[in-house]
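Student: One structure is given below, represented as structure tokens, and several questions about it will come after.
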Amino acid sequence: MSVRPFGERWRAPYACDPGASRGRLFPEAVSPTRSEFQRDRDRIIHSSAFRRLKHKTQVFVYHEGDHFRTRLTHTIEVSQIARALARSLGLDEDLAEALALSHDLGHTPFGHTGEDTLDECMEGFGGFDHNAQALRVVARLERRYAEYDGLNLTWETLEGLVKHNGPLLDAEGRPTLRYAARGVPLAILEYNAQQDLELATHAGGEAQAAAIADDIAYDAHDIDDGLRAGLFRIEELREVPFLAGLLAEIDARYPGLDLSRRIHELTRRVITRFVEDVVAEGERRIAALSPGKAEDIRQAGDTVVCFSKPMKEADASIKRFLYAHMYRHPDVMRVRAQADDVLRDLFRRFKAEPELMPEEWQADLPRDDEPRLARRVADYIAGMTDRYAILEHRRLFDVTPDLR
Numbered sequence: 001m002s003v004r005p006f007g008e009r010w011r012a013p014y015a016c017d018p019g020a021s022r023g024r025l026f027p028e029a030v031s032p033t034r035s036e037f038q039r040d041r042d043r044i045i046h047s048s049a050f051r052r053l054k055h056k057t058q059v060f061v062y063h064e065g066d067h068f069r070t071r072l073t074h075t076i077e078v079s080q081i082a083r084a085l086a087r088s089l090g091l092d093e094d095l096a097e098a099l100a101l102s103h104d105l106g107h108t109p110f111g112h113t114g115e116d117t118l119d120e121c122m123e124g125f126g127g128f129d130h131n132a133q134a135l136r137v138v139a140r141l142e143r144r145y146a147e148y149d150g151l152n153l154t155w156e157t158l159e160g161l162v163k164h165n166g167p168l169l170d171a172e173g174r175p176t177l178r179y180a181a182r183g184v185p186l187a188i189l190e191y192n193a194q195q196d197l198e199l200a201t202h203a204g205g206e207a208q209a210a211a212i213a214d215d216i217a218y219d220a221h222d223i224d225d226g227l228r229a230g231l232f233r234i235e236e237l238r239e240v241p242f243l244a245g246l247l248a249e250i251d252a253r254y255p256g257l258d259l260s261r262r263i264h265e266l267t268r269r270v271i272t273r274f275v276e277d278v279v280a281e282g283e284r285r286i287a288a289l290s291p292g293k294a295e296d297i298r299q300a301g302d303t304v305v306c307f308s309k310p311m312k313e314a315d316a317s318i319k320r321f322l323y324a325h326m327y328r329h330p331d332v333m334r335v336r337a338q339a340d341d342v343l344r345d346l347f348r349r350f351k352a353e354p355e356l357m358p359e360e361w362q363a364d365l366p367r368d369d370e371p372r373l374a375r376r377v378a379d380y381i382a383g384m385t386d387r388y389a390i391l392e393h394r395r396l397f398d399v400t401p402d403l404r
């Protein structure tokens, strides 16, 4: 495989080309040593928000064990899978990696519990959405550069970050699916007014690769973490036909294998089968579409990098199992309830007494603008790690749940 300038590998004509990027909101001189997408990736890695992922919950709070996934380790696994898919399908690996690394930057402490809690706290003030928050992080909240707020990422990275799960608007401009009831978040609409991200089209193939990599990583590592936490037994996974087949394959080849190795053999097969399926299905769809440029992927009218129908059902079956046996397990739900209390307490207290926030979070904050105050408090809390949220709660309240 040929290597291009900046160490880039061969790209298909339908891949996003960093040399033909639509640019940045604030124009910058090109780098002599890195492509535009490599620069985006590096800016994401060096951001404060990326470092904080180390102590943000995936499913288990940090003190429950050193071997469970955090948002950071999940993100690294997604990045590895996204690069593998991009490489196999002739997409730009660096853009796929940048999107994988940034896709969870808007997540709150305590996993999806935190997002649900902040969304309820922000009712009447525009709600809270982690995809919109990720855009706020990279476009506004990161303050590292002398000439602008945010990371000033390329158009391709920003459109992928916002649209990796599909278009946000239909052809008539109406919000789609998850935003149909409440509308597209204001943060996305405000940014889109400055730089049109074409919300009614699909994202490029690299964003689609990052999105499906997220699903694959979730399925595999939540099976792994759930088993190691004792939330369910490995034999219970036979309820899922896809997993039952993999377990039969492992047991036939390695009879008597110890549990730890058996778990690993299962999760690595889950990843392998899913990746191979996405590559095969992606190749099939690309051949049928015959795209000559990246825009053809965006205008295809459907996702191009995705599971085949049988594997889509396997993915859905795994998620149903995990929802029932892991995400709604009494032990997990107990910690979720405690985390909900912590964040609600913090939101109410900071909203009532914003002077309790650090000085930089109080700056230019008019006390008579309640929506702006609420959003500032949500931004502050969303950026917290689990540990910092607990420490802040202990500072402000007499009793803090132990989240165990």
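In terms of UniProt numbering, the sequence shown is residues 1 to 404. Idealized CB from N, CA, C, for every residue including glycine. If you're wondering where the values come from, they're calculated on a predicted model, not measured in any experiment.
Just to confirm the assignment, what range does the alpha helix (DSSP H) spanning residue 333 have?
Tutor: Position 333 of the sequence shown, counted from the first residue, corresponds to residue 333. Looking at the DSSP string, the run of the alpha helix (DSSP H) that includes residue 333 is 330 to 352.
Student: Give me the Cα-Cα distance between residue 290 and residue 121, rounded to the nearest whole angstrom.
Tutor: By 1-based counting over the sequence shown, the position of residue 290 is 290. By 1-based counting over the sequence shown, the position of residue 121 is 121. Between residue 290 and residue 121, the C-alpha separation is close to 47 Å.
Student: Mind pulling the alpha helix (DSSP H) runs of 4 or more residues that sit fully within the segment 250 to 287?
Tutor: As far as the segment 250 to 287 is concerned, it has no whole alpha helix (DSSP H) run of at least 4 residues.
Student: So if DSSP puts residue 169 in a beta bridge, which residue, or which two residues, is it bridged to?
Tutor: By 1-based counting over the sequence shown, the position of residue 169 is 169. DSSP output for residue 169 lists 175 as bridge partner(s).
Student: Just to check my reading of the structure: residue 162 and residue 197 have Cβ atoms closer than 8 Å, yes? What is that Cβ distance to the nearest angstrom?
Tutor: Looking up residue 162 in the sequence shown gives position 162. Looking up residue 197 in the sequence shown gives position 197. Right, the Cβ-Cβ distance comes to about 6 Å (below 8 Å), so this counts as a contact.
Student: Beta-carbon separation of residue 115 and residue 125 under 8 Å?
Tutor: Position 115 of the sequence shown, counted from the start, is the residue given in the question as residue 115. Position 125 of the sequence shown, counted from the start, is the residue given in the question as residue 125. The answer is no: Cβ separation not under 8 Å.
Student: When the Cα atoms are used, what is the spatial distance from residue 165 to residue 306?
Tutor: Here residue 165 refers to the residue found at position 165 of the sequence shown. Here residue 306 refers to the residue found at position 306 of the sequence shown. Taking the straight line joining both Cα atoms gives about 11 Å.
Student: Here's the rule I'm using: 16 or more other beta-carbon atoms within 10 Å means buried, otherwise exposed. How should residue 79 be labelled?
Tutor: Here residue 79 corresponds to residue number 79 of the sequence shown, with the count starting at 1. Its Cβ being crowded by 16 or more others within 10 Å, residue 79 is buried.
Student: Kindly confirm or deny that the segment 5 to 22 and the segment 199 to 211 touch, where touching means at least three C-beta pairs closer than 8 Å.
Tutor: They touch, by the three-pair rule.
Student: Using 8 Å as the threshold, is the C-beta distance between residue 340 and residue 113 below it?
Tutor: If you number the sequence shown from 1, residue 340 lands on position 340. If you number the sequence shown from 1, residue 113 lands on position 113. Cβ distance < 8 Å, so residue 340 and residue 113 count as in contact.
Student: How far does the alpha helix (DSSP H) with residue 221 in it extend, from its first residue to its last?
Tutor: As a first step, residue 221 must be located in the sequence shown, where it is residue number 221. Run containing residue 221: 205 to 228, per the alpha helix (DSSP H) assignment.
Student: Which word fits residue 74, buried or exposed, when buried means at least 16 other C-beta atoms lie within 10 angstroms of its C-beta?
Tutor: By one-based count along the sequence shown, residue 74 stands at place 74. Buried, because 16 or more other Cβ atoms sit within 10 Å of the Cβ of residue 74.
Student: Is it true that the segment 224 to 240 meets the segment 276 to 294, where meeting means three or more beta-carbon pairs spaced less than 8 Å apart?
Tutor: At 8 Å Cβ cutoff, the stretches do not touch.
Student: Let's see if you can read the secondary structure: which residues bound the alpha helix (DSSP H) around residue 311?
Tutor: Working through the sequence shown from its first residue, we reach residue 311 at position 311. Looking at the DSSP string, the run of the alpha helix (DSSP H) that includes residue 311 is 309 to 322.
Student: Can you tell me whether residue 24 is helix, strand or coil according to DSSP?
Tutor: The count along the sequence shown starts at 1 and reaches residue 24 at position 24. Residue 24 falls in the strand class under three-state DSSP.
Student: Starting from residue 50, follow the alpha helix (DSSP H) in both directions and report where the run begins and ends.
Tutor: Working through the sequence shown from its first residue, we reach residue 50 at position 50. Here the alpha helix (DSSP H) through residue 50 covers 48 to 52.
Student: Is the separation between the beta-carbon of residue 274 and that of residue 154 shorter than 8 Å?
Tutor: Within the sequence shown, residue 274 is the residue found at index 274, counting from 1. Within the sequence shown, residue 154 is the residue found at index 154, counting from 1. In this structure, residue 154 does not lie closer than 8 Å to residue 274 by Cβ.
Student: According to DSSP, simplified to helix, strand and coil, what is residue 395?
Tutor: Walking along the sequence shown from the start, residue 395 turns up at place 395. Looking at residue 395 - three-state DSSP - the assignment turns out to be helix.
Student: Determine, using beta carbons only, whether residue 24 and residue 131 come nearer to each other than 8 Å.
Tutor: Counted from its first residue, the sequence shown places residue 24 at position 24. Counted from its first residue, the sequence shown places residue 131 at position 131. No, the pair does not count as a contact, with Cβ atoms beyond the cut-off.
Student: Please report how far the alpha carbon of residue 108 lies from the alpha carbon of residue 56, in whole angstroms.
Tutor: Here residue 108 refers to the residue found at position 108 of the sequence shown. Here residue 56 refers to the residue found at position 56 of the sequence shown. Answer to the nearest angstrom: the Cα atoms are 7 Å apart.
Student: Within 10 angstroms of its Cβ, does residue 1 collect 16 or more other Cβ (buried), or is it exposed?
Tutor: Translated into positions along the sequence shown, residue 1 becomes position 1. Note that residue 1 scores 48 on pLDDT, short of 50, meaning its location in the model is unreliable; the coordinates nonetheless yield the value given after this. Residue 1 comes out exposed.
Student: Helix, strand or coil for residue 113, going by three-state DSSP, please let me know.
Tutor: Position 113 of the sequence shown, counted from the first residue, corresponds to residue 113. Helix.
Student: Under a Cβ-count criterion, where at least 16 other Cβ atoms within 10 Å of its own Cβ denotes burial, should residue 103 be classed as buried or exposed?
Tutor: For the purposes of this step, residue 103 is taken as residue 103 along the sequence shown, with counting starting at 1. Flag for residue 103 reads buried.
Student: Under 8 Å by Cβ, that's how I've got residue 236 and residue 325 pegged, so tell me the actual separation to the nearest angstrom.
Tutor: On the sequence shown, residue 236 is found 236 positions in, with the first residue counted as 1. On the sequence shown, residue 325 is found 325 positions in, with the first residue counted as 1. Going by Cβ atoms, the distance from residue 236 to residue 325 rounds to 7 Å, so yes, they are a contact pair.
Student: From residue 287 to residue 303, what does the alpha carbon distance come to, in whole angstroms?
Tutor: Taking the first residue of the sequence shown as position 1, residue 287 is located at position 287. Taking the first residue of the sequence shown as position 1, residue 303 is located at position 303. Taking the straight line from one Cα to the other gives about 14 Å.
Student: Check whether the segment 341 to 350 touches the segment 365 to 372, counting contact only when three or more Cβ pairs, one atom from each stretch, lie closer than 8 Å.
Tutor: No, because fewer than three Cβ pairs between the segment 341 to 350 and the segment 365 to 372 fall closer than 8 Å, the two stretches do not touch.
Student: Can you list, in chain order, the residues of its chain whose CB lies under 6 Å from that of residue 63, leaving out five sequence neighbours each side?
Tutor: Taking the first residue of the sequence shown as 1, we reach residue 63 at position 63. In this predicted model, residue 63 has a pLDDT of only 48, less than 50, meaning its place in the structure is not dependable enough to derive any value.
Student: Is residue 314 closer than 8 Å to residue 210 when the C-beta atoms are compared?
Tutor: As a first step, residue 210 must be located in the sequence shown, where it is residue number 210. As a first step, residue 314 must be located in the sequence shown, where it is residue number 314. Contact: no.
Student: Can you tell me whether residue 360 is buried or exposed? The criterion is at least 16 other CB atoms within 10 Å of its CB, across all chains shown.
Tutor: As a working mapping, residue 360 is identified with position 360 in the sequence shown. So residue 360 ends up on the exposed side.
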